[in-house]
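Engineer: First, the structure itself, so that you have it in front of you.
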């Protein structure tokens, strides 16, 4: 590991101007970035510890019923917040599946949303892969049981976050601070898949920082769930996961509008608008549930070793909707 | 003051010393996701005279949990092009966690085997590892009516087997 400078952030403006400098990285809990430095897959000249920015570690209620969660809140703090427990149970469910209690105690919301993939070619400094400015993706014709089946681009790695699919299903926005001021965008639009022309996983520019996540108040008749499938029962990233949020109609079993977001299957949190269309203004019958799960995976193009992810993700969508159909 | 000294004599050269045992597993399999949950595990081992029941049952439990990793989660992944091991770390090479371990009932037979040595006790470190994967595979086969001939039995192997069975 190369030597680097270590700075403690004291105020946001200074932090943003430092972040604009090349070779500068910011971290909250450091559970991802420090591991990358140790594995020798990332280099930095200057590291900024954000923990001093106390304003970004708050959770506040909006007048409209929604919540603002500071990006430096730890996952544990978020899952213990009483309003979050009541209003956004699927977020609490997702946090309970993340890593281990030790990691949830230091890992932050912002870091979770911006974490890098767990692909073993990316995480190994011996493979100069596309995400690491190399010539090619090694997973595409290598060992790829844990890689993408949907929306595959130049990099076959999946987005590893558990919180991102849930927050997209809850219609969350992120507030991004930059030197030229703040902007708020849908969380869904934060992500992009690495393509021919770029190797980033988010649209963040150098010198920009996520400061808050805004979740609107839940719509009438809202029901939500997060299900995650892992190779063992704790401390593992998703083989596939699904976040569903339904907004109800008048009838018990009628869905006015549903959001279905898959995790662990694509380079970005994968919102399936095809499945959402099938579900809109329908009763949650067995037939509707099966058709929705089929639509969610209709575009799947698996690799050599990950064909199982297609029935797995379908099974999760089906199971999530079955549970929700019984839960009102 | 009374002093005494003793030692366990070596195993005999003319005979094999074996620990005998039997293990039983009950599993639940979720067909939608291929998830296997071990709900019950019984391990009975005859390791001769029992000297310390607590350490003996701990040995059995440890061995069984190792066997569960063998059966369900542990696999070395080698990149076929370079020969590099891709999961040489405890993130990608998955040993079982406490959540993967079922309630384990262990029974000891406690029958001194004086042909083995003067103490009549025999080893029990490895024996509980050995039958675990076979018992898990048999239980999964009993649940799904599909035989698995490779371990670990993963989500991938179960979902692939189930989709072939349907066709």
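Chains as they are written, first to last, in the numbering used here: chain V, 80 to 407; chain L, 2 to 168. We treat Cβ as the ideally placed atom computed from N, Cα and C, and that holds for glycine.
Give a yes or no on whether 8 Å exceeds the smallest Cβ distance from residue 211 of chain V to chain L.
Structural biologist: Taking Cβ atoms only, chain L never reaches closer than 8 Å to residue 211 of chain V, which makes this a no.
Engineer: Counting only the same chain and skipping the five closest in sequence on each side, list residues whose C-beta sits under 8 Å from that of residue 271 of chain V.
Structural biologist: Excluding residues within five positions, the ones whose Cβ falls inside 8 Å are 277, 279, 280, 281, 282 and 347.
Engineer: According to DSSP, is residue 108 of chain V part of a helix, a strand, or is it coil?
Structural biologist: Coil.
Engineer: Does the distance from the C-beta atom of residue 265 of chain V to that of residue 252 of chain V stay below 8 Å?
Structural biologist: In contact: residue 265 of chain V and residue 252 of chain V (Cβ atoms closer than 8 Å).
Engineer: Return the bridge partner residues of residue 261 of chain V from the DSSP annotation.
Structural biologist: V/256.
Engineer: Span of the beta strand (DSSP E) holding residue 47 of chain L?
Structural biologist: Note, residue 47 of chain L: beta strand (DSSP E), 36-47.
Engineer: Just curious, the beta strand (DSSP E) that residue 29 of chain L is in, first and last residue?
Structural biologist: Residue 29 of chain L -> beta strand (DSSP E) spans 21-31.
Engineer: Check the DSSP bridge columns for residue 85 of chain V and list the partner residues they point to.
Structural biologist: Residue 85 of chain V pairs with V/126.
Engineer: On the three-state DSSP scale, how would you describe residue 353 of chain V?
Structural biologist: In this structure, residue 353 of chain V counts as helix in the three-state DSSP scheme.
Engineer: The alpha helix (DSSP H) that contains residue 393 of chain V, what's its start and end?
Structural biologist: Unbroken alpha helix (DSSP H) run through residue 393 of chain V: 388-404.
Engineer: With a threshold of 16 other CB atoms inside 10 Å of the CB of residue 104 of chain L, please say whether the residue is buried or exposed.
Structural biologist: Under this definition residue 104 of chain L is an exposed residue.
Engineer: Please report the Cβ distance between residue 111 of chain V and residue 195 of chain V, rounded to the nearest whole angstrom; I am assuming they are in contact, meaning their Cβ atoms lie under 8 Å.
Structural biologist: That belief holds up - the Cβ atoms of residue 111 of chain V and residue 195 of chain V are roughly 6 Å apart, short of 8 Å.
Engineer: Quick one: grab the DSSP three-state call for residue 152 of chain V.
Structural biologist: Residue state, collapsed to three classes: coil.
Engineer: When DSSP labels each residue in this structure, what does residue 344 of chain V get in the three-state scheme?
Structural biologist: Of the three classes helix, strand and coil, the one that applies to residue 344 of chain V here is coil, per DSSP.
Engineer: Checking contacts by CB at 8 Å: is residue 338 of chain V closer than that to chain C?
Structural biologist: The chain inventory of the structure shown lacks chain C, comprising the protein chains V and L.
Engineer: Using CA atoms only, rank isn't needed, just tell me which of V/219, V/122 and V/399 is closest to residue 369 of chain V.
Structural biologist: Here the closest residue by C-alpha is V/399.
Engineer: Starting from residue 308 of chain V, trace the beta strand (DSSP E) both ways and give me its first and last residue.
Structural biologist: 302-308 is the extent of the beta strand (DSSP E) around residue 308 of chain V.
Engineer: Quick check: is the beta carbon of residue 115 of chain V nearer than 8 Å to any beta carbon in chain L?
Structural biologist: No, residue 115 of chain V does not count as interfacial toward chain L.
Engineer: List, in order along the chain, the chain L residues whose C-beta lies closer than 7 Å to that of residue 394 of chain V?
Structural biologist: The answer, in chain order, is 33 and 34.
Engineer: Could you spell out where the alpha helix (DSSP H) holding residue 365 of chain V opens and where it closes?
Structural biologist: Per DSSP, residue 365 of chain V belongs to the alpha helix (DSSP H) from 365-375.
Engineer: Run through DSSP, which three-state label would residue 415 of chain V get?
Structural biologist: There is no way to answer for residue 415 of chain V, as the model of chain V reaches only from 80 to 407.
Engineer: Measuring alpha carbon to alpha carbon, tell me which of L/166, L/144, L/117 and L/139 ends up nearest residue 14 of chain L.
Structural biologist: Nearest C-alpha to residue 14 of chain L: L/117.
Engineer: Between the segment 192-212 of chain V and the segment 75-89 of chain L, do at least 3 Cβ pairs fall closer than 8 Å?
Structural biologist: Short answer: they touch.
Engineer: Which residues of chain L have a Cβ atom closer than 8 Å to the Cβ of residue 365 of chain V, listed in chain order?
Structural biologist: Per Cβ cutoff of 8 Å: no residues; residue 365 of chain V is ~13 Å from chain L at best.
Engineer: So, residue 97 of chain L versus residue 66 of chain L, is the Cβ gap smaller than 8 Å?
Structural biologist: In contact: residue 97 of chain L and residue 66 of chain L (Cβ atoms closer than 8 Å).
Engineer: Using only the alpha-carbon positions, how far apart do residue 177 of chain V and residue 56 of chain L sit?
Structural biologist: Straight-line Cα distance between these residues: approximately 34 Å.
Engineer: Below 8 Å between beta carbons: does that hold for residue 218 of chain V and residue 235 of chain V?
Structural biologist: Result yes, Cβ atoms of residue 218 of chain V and residue 235 of chain V sit closer than 8 Å.
Engineer: Residues of chain L with CB under 8 Å from residue 313 of chain V, in chain order?
Structural biologist: Correct list: 98, 99, 100 and 101.
Engineer: Could you check the C-alpha separation between residue 170 of chain V and residue 97 of chain V for me, to the nearest Å?
Structural biologist: Cα-Cα distance, rounded: 33 Å.
Engineer: Could you give the first and the last residue of the continuous alpha helix (DSSP H) run that contains residue 169 of chain V?
Structural biologist: Residue 169 of chain V -> alpha helix (DSSP H) spans 168-175.
Engineer: Under a Cβ-count criterion, where at least 16 other Cβ atoms within 10 Å of its own Cβ denotes burial, should residue 126 of chain L be classed as buried or exposed?
Structural biologist: Per the 10 Å Cβ criterion, exposed.
Engineer: So, does the CB of residue 373 of chain V fall closer than 8 Å to a CB anywhere in chain L?
Structural biologist: It does not; no Cβ of chain L falls within 8 Å.
Engineer: Which word fits residue 107 of chain L, buried or exposed, when buried means at least 16 other C-beta atoms lie within 10 angstroms of its C-beta?
Structural biologist: The residue is buried, with at least 16 neighbouring Cβ atoms inside 10 Å.
Engineer: For the beta strand (DSSP E) that residue 139 of chain V lies in, which residues bound it at each end?
Structural biologist: Per DSSP, residue 139 of chain V belongs to the beta strand (DSSP E) from 138-140.
Engineer: If distances are taken between C-alpha atoms only, which option among L/30, L/155 and L/129 comes closest to residue 144 of chain L?
Structural biologist: Closest option to residue 144 of chain L, Cα to Cα, is L/30.
Engineer: Can you name the start and end residues of the beta strand (DSSP E) that residue 108 of chain L belongs to?
Structural biologist: Looking at the DSSP string, the run of the beta strand (DSSP E) that includes residue 108 of chain L is 105-109.
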